[in-house]
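Number of protein chains: 2
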Amino acid sequence: MKLTGQTWEFDTRPVLIGSAAVVGPDEGQGPLSPDFDYVYDNLEINEKTWEKAERRLLEQAAQLAVIKSGLDKEQIQFYVGGDLMNQIISSTFSARKLGVPYLGVFGACSTSMESLAISALMVDTGAAERVMAGTGSHNCTAEKQFRYPTEYGSQKPPTAQYTVTGAGCGVIAKGGQGQTGPRIARATIGRIMDLGVKDPFNMGAAMAPAAADTIAAHFRDTGLSPDYYDLIVTGDLASVGLPIAQELLEKEGYQMDETKFGDCGLMIYNREKQKAVLAGGSGCGCSAAVTYGHLVKRMLQRELHKVLVVATGSLHSPLSVQQGESIPCIAHAVALEMED
Amino acid sequence: MKLTGQTWEFDTRPVLIGSAAVVGPDEGQGPLSPDFDYVYDNLEINEKTWEKAERRLLEQAAQLAVIKSGLDKEQIQFYVGGDLMNQIISSTFSARKLGVPYLGVFGACSTSMESLAISALMVDTGAAERVMAGTGSHNCTAEKQFRYPTEYGSQKPPTAQYTVTGAGCGVIAKGGQGQTGPRIARATIGRIMDLGVKDPFNMGAAMAPAAADTIAAHFRDTGLSPDYYDLIVTGDLASVGLPIAQELLEKEGYQMDETKFGDCGLMIYNREKQKAVLAGGSGCGCSAAVTYGHLVKRMLQRELHKVLVVATGSLHSPLSVQQGESIPCIAHAVALEMED
């Protein structure tokens, strides 16, 4: 473990020995569908409430990640998780099912990489040998909690994003025991950026400065340049935020190759056909499902070798918006590397 | 860093180099009043909304902790914080003010020790040199969010607890640089315990098994016995939960000396005079203010040398209760030791 600025360089490079993503029907119609471990054909996820549906996604992703890691559930020592719900109930209930020591975290959509960074820190430093990291979201729980229940049919501007119904979990373990899987090389912990955006229907614009700030810090701290990575993905700036982040990074002197700079919220849907997603996907489950489903599989196939996932979080609440506050945002970055 | 079971033994014993507690008027009338750094005489905390009031308590505790640590704000490298609010907005807004890399956590009232344990882990392993940990709560934000706004005057049963208006923060740094202050010797991360209690007006009973489980794990993992500590304090089981935890521990074979086994929720108020607090205090701010205000000062005065703080969290949400779920609970323990 070496700290430079706000970046952790992991000496032992913990391994993602198993990961899984479980998604809903909209995500199943998107281009990444073949990479998800399970796709539900109904938005209810066979449950009676949206909240129970979200929990089920997360619990199943956790179960599948354990199975794919080749471990027994009892061998998982800690679970680090969070979600968008008030009091992160989806994670808590899935932690109850998992039955292991639990650290609840909250970083809105950045929770995916916050939990992975903390898990990697624990494994790298000997605080754990095997940790589960995970998060998830559901379109209808997020709509209900942050805006209006979907059933009301409220209209939205085209800058709005569509919360992903999905969950992703990964099991992180010490390297050097014959495991195969992407290794967690480093992580950059973000700071709050708030440039005064108050519109929760334009979170991409609100979060772009946080993404740019963390990416710039990552390059500054590590001495790496953007072309070191095969792919740098934000999650989730969508169609409005990504070009803003790109522009901000160029102003900082970092030229981002558009073919190697993407966004989970743009990758998960086919925006041409799936008009309802507007600017693109968002939610804890978006970057989690894209990372633990799609990206990890591309790395295991050796199609990608070095990936930086920069999960962005919009840390407002309905109440803070109602009280006239602007939206504080954050981004945490984790570098995954596949060794040959 | 050594892991045994679910307990971290910190090799370098990070030091709590500065800490502060800021509270409201009810807490100012309690027996620990002289140990708090600032006591507000009005429940509004000079703000226009209860949420802004809670945030102000946390921001001030953080500012005072930095000052008392002898550092500049810029020397704090990370902030680990959380609170009870939906989307932990109090912590997020205080992180925005602090301006440093931020890890949001959520463990309901266990957040105080969850954030301290993670901060100590970071410092012990070289992931950071100086970290701020903190949390806070406000009686009226918690009432409004979890039950009914205080102004409604809803009645409660005597098993209910009274959310503390207060915040506590600590600065954790590497030892061996001439600092004085309690050292963080070890931490036990709890798992979810849920024995089926569904009554949010009886959280002490719901949380007692989680406290007992973590305390028993702590002794099992460390080989220590209850008499090793001068004081073991839970936070917050109050008058209903503490005897239950004691009984559960006795069944596990751990005799708890009543003079050395206490509860932050019982310590912070004078229940004889302050009838409104019912079974005792609760809320993130309770164990935080008692630890960072009272306990640290008693340790600096060498009145206490070895203290185990076991912060308990009730991880329900109003929505999970409405959907008929029982209350999942957790407890995290941190051992503070004053070296002579």
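Chains as they are written, first to last, in our numbering: chain A, 23 to 362; chain B, 23 to 362. Glycine included, each C-beta is placed from N, C-alpha and C at the ideal position.
Taking 8 Å as the Cβ-Cβ cut-off, the segment 106–118 of chain B approaches chain A at 106, 107, 108, 109, 110, 111, 114, 115, 117 and 118, given in chain order. Nearest C-alpha to residue 212 of chain B among B:107, B:289, B:81 and B:139: B:139. Scanning chain B for C-beta atoms nearer than 7 Å to the C-beta of residue 23 of chain A yields 147, 148 and 149, reported in chain order.
For residue 88 of chain A, no chain B residue has a Cβ inside 7 Å of its Cβ, as the nearest lies near 16 Å away. By the CB criterion at 9 Å, residue 209 of chain B and residue 355 of chain B fall inside the cutoff. Residue 240 of chain B has a beta carbon lying at 9 Å or more from every beta carbon in chain A. About 12 Å separates the Cβ atoms of residue 149 of chain B and residue 194 of chain B, ruling out a contact at the 8 Å cut-off. Your pair residue 124 of chain A and residue 237 of chain B does not check out as a contact, with CB atoms roughly 17 Å apart and the cut at 8 Å. The C-beta distance from residue 186 of chain A to residue 49 of chain A rounds to 6 Å, short enough to fall under 8 Å. When only Cα atoms are considered, residue 287 of chain B and residue 313 of chain B end up about 12 Å apart. Against residue 129 of chain A, the close residues of chain B are 126, in the order they occur along the chain (beta-carbon pairs closer than 7 Å). Beta-bridge pairing by DSSP links residue 30 of chain B to B:25 and B:209. Check the Cα spacing between residue 357 of chain B and each of B:74, B:112, B:260 and B:134: the tightest is with B:134. Interface annotation for the segment 201–216 of chain A against chain B: 211, 212, 213, 214 and 216, criterion Cβ-Cβ distance under 7 Å.
Two segments are said to touch when three or more pairs of C-beta atoms, one from each, lie closer than 8 Å; by this definition the segment 256–276 of chain A does not touch the segment 33–42 of chain B. For residue 162 of chain B, there is no enclosing beta strand (DSSP E); the enclosing alpha helix (DSSP H) covers residues 161–168. For a Cβ distance threshold of 8 Å, residue set 213 and 214 of chain A lies close to residue 121 of chain B, ordered along the chain. In this structure, DSSP gives residue 215 of chain B an extended state, which the three-state scheme calls strand. Beta bridge pairing from DSSP links residue 120 of chain A with no other residue.
Residues of chain A whose Cβ lies closer than 7 Å to the Cβ of residue 71 of chain B are, in chain order, 345. Under the DSSP assignment, residue 240 of chain A falls in the alpha helix (DSSP H) whose first and last residues are 225–244. Collapsing the DSSP output to three states places residue 359 of chain A in a strand.
With respect to residue 255 of chain B, residue 283 of chain B sits close: the two C-beta atoms are nearer than 9 Å. Within chain B, no residue has its CB atom less than 8 Å from the CB of residue 76 of chain A, the nearest being about 11 Å off. Separation of the CB atoms of residue 159 of chain A and residue 315 of chain A is rounded to 14 Å, and the pair is thereby denied contact status at 8 Å. The secondary-structure analysis by DSSP pairs residue 105 of chain B across a beta bridge with B:158.
Residue environment: residue 334 of chain B is assigned as buried (16 or more neighbouring CB atoms within 10 Å of its CB, all protein chains considered).
Partner residues in the beta bridge of residue 285 of chain B, as assigned by DSSP, are B:256. By DSSP's assignment, residue 336 of chain B forms a beta bridge with B:351. Within chain B, no residue has its beta carbon less than 8 Å from that of residue 223 of chain A; the closest one is some 17 Å off. Just so you know, the alpha carbons of residue 153 of chain A and residue 61 of chain B end up roughly 41 Å apart. Relative to the Cα of residue 110 of chain B, the nearest Cα in the group B:128, B:94 and B:96 belongs to B:128. Counting other Cβ atoms within 10 Å of its Cβ, residue 339 of chain B reaches 16 or more and is therefore classed as buried. Short of 6 Å from the beta carbon of residue 261 of chain A, and not among the five residues preceding or following it, lie these beta carbons of its own chain, in chain order: 301 and 302.
Listed as beta-bridge partners of residue 328 of chain A by DSSP are A:359. Residue 41 of chain A: member of the beta strand (DSSP E) spanning 37–45, first to last residue.
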